[in-house]
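Numbering (the working numbering), first residue to last: 412 to 610. Notes for the one structure printed next.
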Amino acid sequence: MRAIVGIDGKVGVRTIPELPDPVGAQILVETIACSICGSDVHLMEHTGDYLTCARDSGSTAMMFDPARGVMLGHCFVFRVLAAGPDAVGFAVGDLGTGIGTLTADGHTCVIGFSDTYPGGLGERMLLSTPGLITRLPDGIEPVHAVFVEPLLVGEMAVRAAAIPDGAPAVVLGTGQVGLGIIAALRRHGRGPVIAAEPT
Numbered sequence: 412m413r414a415i416v417g418i419d420g421k422v423g424v425r426t427i428p429e430l431p432d433p434v435g436a437q438i439l440v441e442t443i444a445c446s447i448c449g450s451d452v453h454l455m456e457h458t459g460d461y462l463t464c465a466r467d468s469g470s471t472a473m474m475f476d477p478a479r480g481v482m483l484g485h486c487f488v489f490r491v492l493a494a495g496p497d498a499v500g501f502a503v504g505d506l507g508t509g510i511g512t513l514t515a516d517g518h519t520c521v522i523g524f525s526d527t528y529p530g531g532l533g534e535r536m537l538l539s540t541p542g543l544i545t546r547l548p549d550g551i552e553p554v555h556a557v558f559v560e561p562l563l564v565g566e567m568a569v570r571a572a573a574i575p576d577g578a579p580a581v582v583l584g585t586g587q588v589g590l591g592i593i594a595a596l597r598r599h600g601r602g603p604v605i606a607a608e609p610t
């Protein structure tokens with residue numbers, strides 16, 4: 412199977428071994444859609460700084476060996492191909508999204524930040540349930556659902572900013588998160604909204 416791997420600031424397609432059948436509460440899924448997040452770009456541009464922050468956090472869930480590369484993709488929509496006997500909340504054929512984690516071999520990793528398990532920019536993934544993943548509601552297009560994470564970041568930013576009614580809001584950068592902020596500002600009735608794209 413194939414996966415996109417980032418190493419030394421470059422990304423490329425790599426052939427990796429097929430994933431095993433899911434055990435316990437794991438599900439085997441295929442990627443339906445995956446977006447490239449700004450944090451993927453920052454991870455490739457500043458790998459050393461990222462790993463220092465991850466290590467200093469005290470968690471090993473987002474650590475990887477930079478010499479092996481990182482299998483990217485954490486903003487994804489998936490379809491369940493197989494479920495372990497203890498899987499919770501998912502059946503074969505279900506669509507889902509969220510922050511994928513996998514507990515295997517006594518270690519938990521965040522999918523999209525691992526050198527061992529493929530992320531959403533791979534053909535298939537193993538995910539743990541229940542975790543931080545959820546079934547996709549009926550009627551939501553997978554290509555739209557991959558933007559849940561940047562839209563939530565935008566929503567959280569607007570709530571944290573606590574902009575008063577009638578006060579203007581300036582958004583610097585109109586990438587995925589910037590657009591999520593603009594959407595949240597409009598949804599909350601804030602504005603006028605001024606957006607600027609740095610050059």
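Note that beta-carbon positions come from the ideal geometry of N, C-alpha and C, so glycine has one too. Predicted, not measured: the structure shown is a model, and the values here were computed from it.
Using a 10 angstroms sphere on the CB of E560, the tally of other CB atoms reaches 16 or more, which defines it as buried.
Between V554 and A444, the CB-CB gap stays under 9 Å.
If you keep only unbroken alpha helix (DSSP H) runs of at least 4 residues inside the segment 519–597, you get 553–556, 559–572.
Around the beta carbon of M482, 16 or more other beta carbons lie within 10 angstroms, which makes this residue buried.
Counting along the chain, the unbroken alpha helix (DSSP H) around T463 starts and ends at 458–467. Residue pairing by DSSP places M482 opposite V416, S525 in a beta bridge.
According to the DSSP assignment, S470 belongs to no beta strand (DSSP E), since it is labelled neither H nor E.
As a beta-bridge residue in DSSP terms, I438 pairs with A494, L538. Here G449 carries a helix assignment [DSSP, helix/strand/coil]. Going by C-alpha positions, M474 is about 6 Å away from L462. With 16 or more other Cβ atoms from the protein chains shown falling within 10 Å of its own Cβ, H485 counts as buried. Our two residues, C464 and I438, have alpha carbons roughly 30 Å apart in a direct line. Within the same chain, G417, G420 come within 6 Å of M455 by CB-CB distance, once the 5 residues on both sides are set aside. Where V604 is concerned, the enclosing beta strand (DSSP E) starts and stops at 604–607.
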